[in-house]
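Engineer:
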Amino acid sequence: MGRVRVQSEDFDPATELAGFGAEGDVGAIVTFSGIVRGTGGLSRMEIEHYPGMTQSAIEKIVAEAERRWALDDCLVIHRHGEMVPGERIMMVATASRHRQDAFAAAEFLMDYLKSRAPFWKKEFGPDGAAWVAAKDSDEAALTRWSASEG
Amino acid sequence: MGRVRVQSEDFDPATELAGFGAEGDVGAIVTFSGIVRGTGGLSRMEIEHYPGMTQSAIEKIVAEAERRWALDDCLVIHRHGEMVPGERIMMVATASRHRQDAFAAAEFLMDYLKSRAPFWKKEFGPDGAAWVAAKDSDEAALTRWSASEG
Amino acid sequence: MIDVLYFAWVRERIGEPRERIETEARTVAELVEELRGRELRYQLAFEDLSALRCALDQELADFDAPLDGVREVAFFPPMTGG
Amino acid sequence: MIDVLYFAWVRERIGEPRERIETEARTVAELVEELRGRELRYQLAFEDLSALRCALDQELADFDAPLDGVREVAFFPPMTGG
Numbered sequence: 158m159g160r161v162r163v164q165s166e167d168f169d170p171a172t173e174l175a176g177f178g179a180e181g182d183v184g185a186i187v188t189f190s191g192i193v194r195g196t197g198g199l200s201r202m203e204i205e206h207y208p209g210m211t212q213s214a215i216e217k218i219v220a221e222a223e224r225r226w227a228l229d230d231c232l233v234i235h236r237h238g239e240m241v242p243g244e245r246i247m248m249v250a251t252a253s254r255h256r257q258d259a260f261a262a263a264e265f266l267m268d269y270l271k272s273r274a275p276f277w278k279k280e281f282g283p284d285g286a287a288w289v290a291a292k293d294s295d296e297a298a299l300t301r302w303s304a305s306e307g
Numbered sequence: 158m159g160r161v162r163v164q165s166e167d168f169d170p171a172t173e174l175a176g177f178g179a180e181g182d183v184g185a186i187v188t189f190s191g192i193v194r195g196t197g198g199l200s201r202m203e204i205e206h207y208p209g210m211t212q213s214a215i216e217k218i219v220a221e222a223e224r225r226w227a228l229d230d231c232l233v234i235h236r237h238g239e240m241v242p243g244e245r246i247m248m249v250a251t252a253s254r255h256r257q258d259a260f261a262a263a264e265f266l267m268d269y270l271k272s273r274a275p276f277w278k279k280e281f282g283p284d285g286a287a288w289v290a291a292k293d294s295d296e297a298a299l300t301r302w303s304a305s306e307g
Numbered sequence: 582m583i584d585v586l587y588f589a590w591v592r593e594r595i596g597e598p599r600e601r602i603e604t605e606a607r608t609v610a611e612l613v614e615e616l617r618g619r620e621l622r623y624q625l626a627f628e629d630l631s632a633l634r635c636a637l638d639q640e641l642a643d644f645d646a647p648l649d650g651v652r653e654v655a656f657f658p659p660m661t662g663g
Numbered sequence: 582m583i584d585v586l587y588f589a590w591v592r593e594r595i596g597e598p599r600e601r602i603e604t605e606a607r608t609v610a611e612l613v614e615e616l617r618g619r620e621l622r623y624q625l626a627f628e629d630l631s632a633l634r635c636a637l638d639q640e641l642a643d644f645d646a647p648l649d650g651v652r653e654v655a656f657f658p659p660m661t662g663g
């Protein structure tokens, strides 16, 4: 049921969310937007991805969220390619009867997108270009979902 | 810094969020929208509030969230008066460098708005009108913020 | 003289949203006791204190809080915002 | 014949995004060992396996996973999406 889109173009959250969750008996909508930060004089960012895998990997993450929580709607949009600070990288939206489910599912989706969807960020700044290293804290964030949650 | 608005009119999230978080080095924006559900044939809802207290009570909750997490921006809009199913009741938005702070602050704000801001919901359905009873689970949700969190 | 405000079903049971009261009560609990002694509608509104909350001058307070210098007392059920 | 794909700094060290390889390797680990023996750029790319991830036919896999019937192997650093 959840929709997944991987694209290089920017998108407008308001347009994407028109009618979101309108079909269920939805009481709560949570959205998350990831934005390119300008930390350390970052001038731009490039996001590489694995075209043959990205869509299906995200769809599996969404299916798992829908299995764990009572979601009436779910949307993931993730960009690749070149972006500058302030630009939107991605968005997640979840709709549910209850706020706890909408929040938990959105956080779950974000934690998995961070470490399990095939994207790699490269930052270009005053000291040249560097691939963003995965954070231990992002890997650790997954452990909270492996126990009894959901 | 956070903005708080209490009003009876509907609002447009896209308009309210234009420029939201644009001044910090924001990497994450979380929004929560509460919607009137049509459960049990609900035809409309009335939200009463305590005009002299509502604004300042929410401002205190926002100030506490800003004390606990590194927020670059924060917005709370809460309506009162009459609403029908599908209408937006309220919205919370948080902006931070990191997704964990944005999520935690939004959930904290929601938990406190549920039980500590002076609003009371009355539902009108096929069996007449009834004041919505506070849920034990909403009160219990506050306990997780009283320990070491934040 | 103190302003007493009622909200939600407390307001409905009392039958009005606010009134000014002349009282010697030293705490909220004493004020409640005094109001209960007045009329049936107050007894009904203040039947179960565990189902009520109160605020003094727009700040949440306990029922044993003193009324010294307080200008506005509000009584209401547990809040259901969000 | 198997398609081998490289992403991010693995791709940069290898110098190309994909290649077709004739191999007898039975597992991902054996394929890595074989590639390492080829040229310095493979040694550099596969220096530290703990810093690498792999996928078999677009599914995340372990390095000891068998290559039977696999058409596409991908090597890349830990993902940094979101």
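Protein chains in written order, with my numbering: chain R, 158 to 307; chain W, 158 to 307; chain U, 582 to 663; chain A, 582 to 663.
C-beta: ideal position from N, C-alpha, C; glycine also.
All of these numbers come straight from a predicted model, not from anything done at the bench.
1) Out of curiosity, what's the CA-to-CA distance linking residue 192 (chain W) and residue 176 (chain R)?
2) Are the beta-carbon atoms of residue 613 (chain U) and residue 646 (chain U) separated by less than 8 Å?
3) Going along the region 614 to 629 of chain U in order, which residues come within less than 9 Å of chain W, judged by CB to CB distance?
4) Taking buried to mean at least 16 other C-beta atoms within 10 Å of its own C-beta, is residue 229 (chain W) buried or exposed?
5) Do you know whose CA, among W:186, W:203, W:219 and W:242, lies nearest residue 197 (chain W)'s CA?
6) I want to verify the contact list: residues of chain W whose CB lies under 9 Å from the CB of residue 588 (chain U), in sequence order.
7) Given residue 181 (chain W), which residues of its chain have a CB within under 7 Å of its CB, disregarding the five upstream and five downstream residues?
8) If you draw a straight line from the C-alpha of residue 638 (chain U) to the C-alpha of residue 163 (chain W), how long is it?
9) Is the beta carbon of residue 249 (chain R) closer than 8 Å to that of residue 188 (chain R)?
10) For residue 269 (chain W), list the residues DSSP reports as bridge partners.
11) For residue 170 (chain W), which of helix, strand or coil comes out of DSSP?
12) Mind pulling the chain R residues with CB within less than 8 Å of residue 185 (chain W)?
13) Say whether chain A places a C-beta atom closer than 8 Å to the C-beta of residue 288 (chain R).
14) DSSP three-state call for residue 577 (chain U): helix, strand or coil?
15) Please classify residue 285 (chain R) as buried or exposed, where buried requires at least 16 neighbouring CB atoms within 10 angstroms.
16) Using only the alpha-carbon positions, how far apart do residue 215 (chain W) and residue 661 (chain U) sit?
17) State the beta-bridge partners of residue 177 (chain R) as determined by DSSP.
18) Within the 8 Å Cβ cut-off, does residue 267 (chain R) reach chain A?
19) Quick one: using the 10 Å Cβ neighbour count with 16 as the cut-off for buried, is residue 292 (chain R) buried or exposed?
20) For the region 623 to 631 of chain A against the region 590 to 599 of chain A, are there 3 or more C-beta pairs whose distance is under 8 Å?
21) Who are the near neighbours of residue 604 (chain U) in its chain, counting only those whose CB is closer than 7 Å to its CB and skipping five residues on each side?
22) Can you list the residues of chain W that residue 661 (chain U) reaches, using a CB-CB cut of under 9 Å?
23) Around the Cβ of residue 632 (chain A), are there at least 16 other Cβ atoms within 10 angstroms (buried) or fewer (exposed)?
24) Can you find the residues in the same chain that come closer than 6 Å, C-beta to C-beta, to residue 586 (chain U), ignoring five residues on each side of it along the sequence?
25) To the nearest angstrom, how far is it from the Cα of residue 213 (chain W) to the Cα of residue 220 (chain R)?
26) Could you compute how far the alpha carbon of residue 236 (chain R) sits from the alpha carbon of residue 652 (chain U)?
27) Strictly by DSSP, which residues pair up with residue 608 (chain A)?
28) Could you please give the first and the last residue of the uninterrupted beta strand (DSSP E) stretch that includes residue 587 (chain A)?
29) Using only alpha-carbon positions, find the residue among W:280, W:233 and W:195 that is nearest to residue 239 (chain W).
30) Residue 658 (chain A) touches chain R at which residues, Cβ-Cβ below 9 Å?
31) How big is the Cα-Cα spacing for residue 159 (chain W) and residue 298 (chain R)?
Structural biologist: Inspection of the coordinates gives the following:
1) Rounded to the nearest whole angstrom, the CA to CA distance from residue 192 (chain W) to residue 176 (chain R) is 13 Å.
2) Taking 8 Å as the Cβ cut-off, residue 613 (chain U) and residue 646 (chain U) do not qualify as a contacting pair.
3) Those would be none; no residue qualifies.
4) By the Cβ neighbour-count rule, residue 229 (chain W) is buried, with 16 or more other Cβ atoms within 10 Å of its own.
5) Looking at the Cα atoms, W:242 is the closest of the given residues.
6) Within chain W, the residues placing a beta-carbon under 9 Å from that of residue 588 (chain U) are 205, 206, 207, 275 and 277, ordered along the chain.
7) Around residue 181 (chain W): 229, 230 and 252.
8) Near 19 Å, if we compare the C-alpha coordinates of residue 163 (chain W) and residue 638 (chain U).
9) Yes, the pair counts as a contact, with Cβ atoms nearer than the cut-off.
10) For residue 269 (chain W), DSSP assigns no beta-bridge partner whatsoever.
11) The answer is helix: DSSP assigns residue 170 (chain W) an H, G or I state.
12) The contact set of residue 185 (chain W) on chain R, defined by CB atoms closer than 8 Å, consists of 189, 190, 191 and 192 in chain order.
13) Yes, residue 288 (chain R) counts as interfacial toward chain A.
14) Outside the shown range of chain U (582 to 663) lies residue 577 (chain U), about which nothing can therefore be said.
15) It counts as exposed.
16) For residue 215 (chain W) and residue 661 (chain U), the distance between alpha carbons rounds to 14 Å.
17) Per DSSP, none; premise fails for residue 177 (chain R).
18) True, the Cβ-Cβ gap to chain A drops below 8 Å.
19) Residue 292 (chain R) counts as exposed, since fewer than 16 other C-beta atoms from the protein chains shown sit within 10 angstroms of its C-beta.
20) Yes, since at least three Cβ pairs between the region 623 to 631 of chain A and the region 590 to 599 of chain A fall closer than 8 Å, the two stretches touch.
21) The residues 583, 612 and 615, in chain order, have a CB closer than 7 Å to that of residue 604 (chain U) in the same chain once the five nearest residues on each side in sequence are set aside.
22) Under the 9 Å cutoff, chain W gives 204, 271, 272, 276, 277, 278, 288, 289, 290, 291, 292 and 295.
23) Exposed: under 16 other Cβ atoms inside 10 Å.
24) The residues 599 and 655, in chain order, have a CB closer than 6 Å to that of residue 586 (chain U) in the same chain once the five nearest residues on each side in sequence are set aside.
25) Our two residues, residue 213 (chain W) and residue 220 (chain R), have alpha carbons roughly 42 Å apart in a direct line.
26) Distance between the alpha carbons of residue 236 (chain R) and residue 652 (chain U) is about 57 Å.
27) Answer is A:647.
28) Its beta strand (DSSP E) spans residues 583 to 587.
29) Sorting W:280, W:233 and W:195 by C-alpha distance to the C-alpha of residue 239 (chain W) places W:280 at the top.
30) Residues of chain R whose Cβ lies closer than 9 Å to the Cβ of residue 658 (chain A) are, in chain order, 277, 288, 290 and 291.
31) Answer to the nearest angstrom: the Cα atoms are 28 Å apart.
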